[in-house]
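Chemist: Residue numbers (the working numbering): 8 to 539.
We put the beta carbon where it would ideally sit given N, CA and C, even for glycine.
Only a predicted model underlies this, so the values are computations on that prediction, with no experimental measurement involved.
(1) For residue 137, which residues from the same chain have a beta carbon less than 6 angstroms from its beta carbon, with the 5 sequence-adjacent residues on both sides left out?
(2) State the beta-bridge partners of residue 433 as determined by DSSP.
(3) What residues in its chain sit with their C-beta under 6 angstroms from that of residue 243, if we drop five residues either side in the sequence?
(4) What first and last residue would you give for the alpha helix (DSSP H) that runs through residue 109?
(5) Taking the C-alpha atoms as reference points, what is the distance between residue 32 and residue 126?
(6) Give me the Cα-Cα distance between residue 497 and residue 313, rounded to the nearest whole angstrom.
(7) How would you write the range of the alpha helix (DSSP H) that residue 90 sits in, first residue to last?
(8) Quick check: what's the CA-CA separation for residue 503 versus residue 215?
(9) How far does the alpha helix (DSSP H) with residue 143 in it reach, from first residue to last?
(10) Give the straight-line distance between the Cα atoms of residue 454 and residue 411, rounded to the nearest whole angstrom.
(11) If contacts are defined as beta-carbon pairs under 8 angstroms, then residue 511 and residue 494 qualify, I think. What distance do you get, rounded to the angstrom?
(12) Beta carbon of residue 151, beta carbon of residue 108: below 8 angstroms?
(13) Would you grab the beta carbon distance between residue 443 and residue 67 for me? Rounded to a whole angstrom, and I think it's under 8 angstroms.
(14) Can you give me the C-alpha to C-alpha distance between residue 196 and residue 329, rounded to a whole angstrom?
(15) Output needed for residue 326: all residues of its chain with C-beta closer than 6 angstroms, excluding positions within five of it in sequence on either side, in chain order.
(16) Quick check: residue 459 and residue 445, are their CB atoms within less than 8 angstroms of each other?
(17) With residue 153 and residue 95 assumed to form a contact (beta carbons below 8 angstroms), what rounded beta-carbon distance in angstroms separates them?
(18) Taking only three categories from DSSP, how would you classify residue 516?
(19) Grouping DSSP H, G and I as helix and E and B as strand, with all else coil, what is residue 394?
(20) With C-beta atoms as the reference, is residue 316 less than 8 angstroms away from residue 357?
(21) Of the choices 401, 400, 402 and 385, whose alpha-carbon is the least far from that of residue 394?
(22) Note down, one range per segment and in chain order, each alpha helix (DSSP H) of at least 4 residues found wholly within the region 199 to 246.
(23) For the alpha helix (DSSP H) containing residue 491, list its first residue and its last residue.
(24) In this structure, how does DSSP classify residue 504 when only helix, strand and coil are distinguished?
(25) What separation, rounded to the nearest whole angstrom, lies between the Cα atoms of residue 531 and residue 462?
(26) Verify whether the separation of the beta carbon atoms of residue 187 and residue 207 is less than 8 angstroms.
(27) Pick out whichever of 273, 419 and 323 has its Cα sitting closest to the Cα of residue 350.
(28) Using the Cα positions of residue 514 and residue 430, report the straight-line distance between them to the nearest angstrom.
(29) Exposed or buried, residue 124, counting other C-beta atoms within 10 Å across all chains shown (16 or more means buried)?
(30) By Cβ distance below 8 angstroms, which residues in the same chain neighbour residue 180 in space, the five residues on each side in sequence not counted?
(31) Of all the options 38, 177 and 367, which has the alpha carbon lying nearest to the alpha carbon of residue 54?
(32) Would you decide whether residue 14 is buried or exposed? Buried here means 16 or more other CB atoms lie within 10 Å of its CB.
(33) State yes or no: is the C-beta of residue 135 within less than 8 angstroms of the C-beta of residue 360?
(34) Output the distance between the C-alpha atoms of residue 338 and residue 42, rounded to the nearest integer angstrom.
(35) Just curious, the alpha helix (DSSP H) that residue 134 is in, first and last residue?
(36) Could you give the residue range of the alpha helix (DSSP H) that holds residue 336?
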């Protein structure tokens with residue numbers, strides 16, 4: 008019997024092709040790596056450590072939502088607001104950096120796939136990223152984790168634009184840059200590097216196209232509220248940068264900066280330089296030379312401006328992805344294939360000896376003992392340029408509960424009928440933020456400080472009868488302006504950065520000291536546009 012002329016041929020049943028099976032496996036592998044990156048950030052935190060001093064500041068910013076702060080733009084405050092909404096416990100504080108670290112790895116994996124990389128390239132990318140300095144960075148609730156994610160996303164969007172020539176990737180880049188500027192101003196280095204890269208490549212033609220200016224306008228409009236806030240407060244960004252230069256950046260030596268670039272991603276040392284070289288030298292990588300130019304410009308700017316060593320961390324994830332694809336291409340045949348296990352083991356080999364100095368898995372005392380072996384690598388060098396017993400981040404996670412207990416002890420000594428006339432005044436933002444975080448259980452009043460954004464949150468005029476002073480012993484002349492003074496105690500933890508911080512109760516304030524404090528606060532606020 009002849010088939011009808013209108014009959015459709017019966018579709019053939021087909022099994023997934025090897026290519027499709029590989030694609031499915033690649034997708035699953037990327038998801039597994041992403042999940043592993045997220046999970047590992049929770050597994051290695053010794054309970055002896057508390058939150059980092061900066062985390063307390065950013066959490067308090069969630070109680071004072073605004074379009075800007077003296078230290079950073081507003082995005083971190085929105086995340087802090089959500090954290091408080093979810094209970095403000097350790098899990099949710101650590102959720103954001105863990106999430107952003109995992110998403111960074113996911114974008115790196117997508118980059119590998121778009122560049123034609125397979126299973127080995129994905130594995131090498133994941134191993135190099137997971138077992139590196141990003142472990143420490145993705146532990147802390149700071150703008151840095153989102154910053155690294157966004158830098159990786161910027162590079163990914165540029166790669167997709169180069170591959171497709173579709174303007175929607177440029178618009179996405181403009182939107183992402185706006186979010187980045189609302190998270191951390193160091194995105195400006197990427198913008199400068201990209202503009203220079205455009206000028207030095209065939210993409211200079213973008214300066215004659217509308218899409219460039221529409222993208223620029225999109226970024227500017229989204230960032231405008233923060234710019235207005237900066238102008239209203241007399242550009243505190245520049246004040247903050249001057250303070251950084253005076254207190255921290257002057258201690259950044261070129262040799263130390265370059266050495267830190269090797270140490271931070273030492274497990275990926277065979278990978279990211281190859282990725283950078285591929286952008287300039289390989290046939291398959293040359294279409295993406297723009298990315299290499301951005302790397303060189305940003306690195307040059309940070310060296311010239313004595314930027315902090317970790318400001319460069321946004322540059323390496325994309326180079327790790329590109330370098331992993333390069334190694335996959337190099338090791339496809341013959342004896343070179345056996346280099347793959349060596350490359351995968353390389354990050355473990357370098358991370359394992361220093362793992363307790365990357366993540367706080369040991370007790371503080373055990374870490375201090377262990378760290379003496381690595382003093383020559385700069386791991387114990389703080390922002391003051393000196394070596395100490397613990398890495399600075401570790402020392403900044405100690406002593407806060409003890410401090411809060413001392414303040415609670417001091418507050419309990421204030422007669423109940425005078426507590427509404429009592430203020431807690433701290434020397435720095437870490438002290439104030441920690442007391443606000445841990446003091447909830449003791450029903451302590453808000454702790455204040457005259458530095459960082461706490462200065463802007465100080466009510467004016469301050470009216471008080473008693474002061475719980477946290478920090479250094481007050482000036483003898485000021486002590487005379489109180490009826491009584493009692494030293495409650497000091498932080499005793501010898502490994503805490505706040506070791507020796509005292510808690511003092513001053514009662515029966517004279518009007519003269521009240522005026523002195525208010526005038527001092529008024530002068531400090533005037534620097535940031537507060538005229539009254």
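Modeler: Reading from the atomic positions:
(1) Taking the chain shown and counting its residues from 1, the one referred to as residue 137 is at position 130. These residues qualify, in order along the chain: 44.
(2) The sequence position of residue 433 within the chain shown is 426, counting from 1. DSSP lists 456 and 477 as partners of residue 433.
(3) Sequence index remark: in the chain shown, residue 243 carries index 236 (1-based). By the criterion of a C-beta distance shorter than 6 angstroms, residue 243 is surrounded in its chain by 77 and 535, once the five residues flanking it on both sides are discounted.
(4) On the chain shown, residue 109 is found 102 positions in, with the first residue counted as 1. It spans 97 to 121 - the alpha helix (DSSP H) in which residue 109 sits, taken as one unbroken run.
(5) Walking along the chain shown from the start, residue 32 turns up at place 25. Walking along the chain shown from the start, residue 126 turns up at place 119. Going by the C-alpha atoms only, they are around 8 angstroms apart.
(6) Locating residue 497 in the chain shown gives position 490, counting from the first residue. Locating residue 313 in the chain shown gives position 306, counting from the first residue. Roughly 36 angstroms between the two C-alpha positions.
(7) Your numbering for residue 90 matches position 83 in the chain shown. Residues 82 to 92.
(8) By one-based count along the chain shown, residue 503 stands at place 496. By one-based count along the chain shown, residue 215 stands at place 208. Each residue's alpha carbon lies about 56 angstroms from the other.
(9) Looking up residue 143 in the chain shown gives position 136. Per DSSP, the continuous alpha helix (DSSP H) segment holding residue 143 begins and ends at 141 to 144.
(10) By 1-based counting over the chain shown, the position of residue 454 is 447. By 1-based counting over the chain shown, the position of residue 411 is 404. About 10 angstroms.
(11) Translated into positions along the chain shown, residue 511 becomes position 504. Translated into positions along the chain shown, residue 494 becomes position 487. Yes, residue 511 and residue 494 are in contact; Cβ-Cβ is about 5 angstroms, under 8 angstroms.
(12) Looking up residue 151 in the chain shown gives position 144. Looking up residue 108 in the chain shown gives position 101. With contacts defined as CB atoms closer than 8 angstroms, residue 151 and residue 108 fail to qualify as a contacting pair.
(13) In the chain shown, residue 443 corresponds to position 436, counting from 1. In the chain shown, residue 67 corresponds to position 60, counting from 1. Separation of the CB atoms of residue 443 and residue 67 is rounded to 6 angstroms, and the pair is thereby assigned contact status at 8 angstroms.
(14) Within the chain shown, the letter at position 189 stands for residue 196. Within the chain shown, the letter at position 322 stands for residue 329. Cα to Cα, residue 196 sits roughly 21 angstroms from residue 329.
(15) For the purposes of this step, residue 326 is taken as residue 319 along the chain shown, with counting starting at 1. For residue 326, the CB contacts under 6 angstroms within the same chain, skipping 5 residues up- and downstream, are 279, 282 and 283 in chain order.
(16) Stepping through the chain shown from its first residue, residue 459 is reached at position 452. Stepping through the chain shown from its first residue, residue 445 is reached at position 438. Taking 8 angstroms as the Cβ cut-off, residue 459 and residue 445 do not qualify as a contacting pair.
(17) As a first step, residue 153 is located in the chain shown; it is residue number 146 there, counting from the start. As a first step, residue 95 is located in the chain shown; it is residue number 88 there, counting from the start. The beta carbons of residue 153 and residue 95 sit about 19 angstroms from each other, so the pair does not count as a contact at 8 angstroms.
(18) For this step, residue 516 is matched to residue 509 along the chain shown. In the three-state DSSP reduction, residue 516 falls in the strand class (E or B).
(19) In the chain shown, the residue the question calls residue 394 occupies position 387. Secondary structure of residue 394 (DSSP, three-state): strand.
(20) Numbered from 1 along the chain shown, position 309 holds the residue referred to as residue 316. Numbered from 1 along the chain shown, position 350 holds the residue referred to as residue 357. Taking 8 angstroms as the Cβ cut-off, residue 316 and residue 357 do not qualify as a contacting pair.
(21) The residue labelled residue 394 in the question sits at position 387 within the chain shown. If we check each option's Cα against that of residue 394, 385 comes out closest.
(22) As summarised for the region 199 to 246, the continuous alpha helix (DSSP H) elements at least 4 residues long and confined to that stretch are 217 to 239, given in chain order.
(23) By one-based count along the chain shown, residue 491 stands at place 484. Segment 489 to 497 is the beta strand (DSSP E) holding residue 491; no alpha helix (DSSP H) there.
(24) Here the question's residue 504 lines up with position 497 in the chain shown. The answer is coil: DSSP assigns residue 504 none of H, G, I, E or B.
(25) Against the chain shown, residue 531 aligns to sequence position 524. Against the chain shown, residue 462 aligns to sequence position 455. The alpha-carbon atoms of residue 531 and residue 462 are separated by roughly 8 angstroms.
(26) Position 180 of the chain shown, counted from the start, is the residue given in the question as residue 187. Position 200 of the chain shown, counted from the start, is the residue given in the question as residue 207. No, the Cβ-Cβ distance between residue 187 and residue 207 is not below 8 angstroms.
(27) Here residue 350 corresponds to residue number 343 of the chain shown, with the count starting at 1. Considering only alpha carbons, the answer is 273.
(28) Numbered from its first residue, the chain shown carries residue 514 at position 507. Numbered from its first residue, the chain shown carries residue 430 at position 423. Approximately 11 angstroms, taken between the alpha carbons.
(29) Numbered from 1 along the chain shown, position 117 holds the residue referred to as residue 124. Answer is buried; the Cβ neighbour count reaches 16.
(30) Within the chain shown, residue 180 is the residue found at index 173, counting from 1. Setting aside the 5 residues that flank it on each side, residue 180 is surrounded in the same chain by 161, 164, 165, 168 and 222, each with a C-beta closer than 8 angstroms to its C-beta; the list follows chain order.
(31) The residue labelled residue 54 in the question sits at position 47 within the chain shown. Closest in alpha carbon position to residue 54, among 38, 177 and 367, is 367.
(32) What you label residue 14 is simply residue 7 of the chain shown in a count that begins at 1. Bear in mind that the predicted position of residue 14 carries a pLDDT of just 40, short of 50, making it too unreliable to give a figure here.
(33) Here residue 135 is taken as the residue at index 128 of the chain shown, counted from 1. Here residue 360 is taken as the residue at index 353 of the chain shown, counted from 1. When the beta-carbon positions are compared, residue 135 and residue 360 stay at least 8 angstroms from each other.
(34) Here residue 338 refers to the residue found at position 331 of the chain shown. Here residue 42 refers to the residue found at position 35 of the chain shown. Separation of residue 338 and residue 42 (C-alpha to C-alpha, rounded to the nearest whole angstrom) is 27 angstroms.
(35) In the chain shown, counting from the first residue as 1, residue 134 sits at position 127. Bounds of the alpha helix (DSSP H) holding residue 134 are 126 to 137.
(36) If you number the chain shown from 1, residue 336 lands on position 329. Unbroken alpha helix (DSSP H) run through residue 336: 323 to 337.
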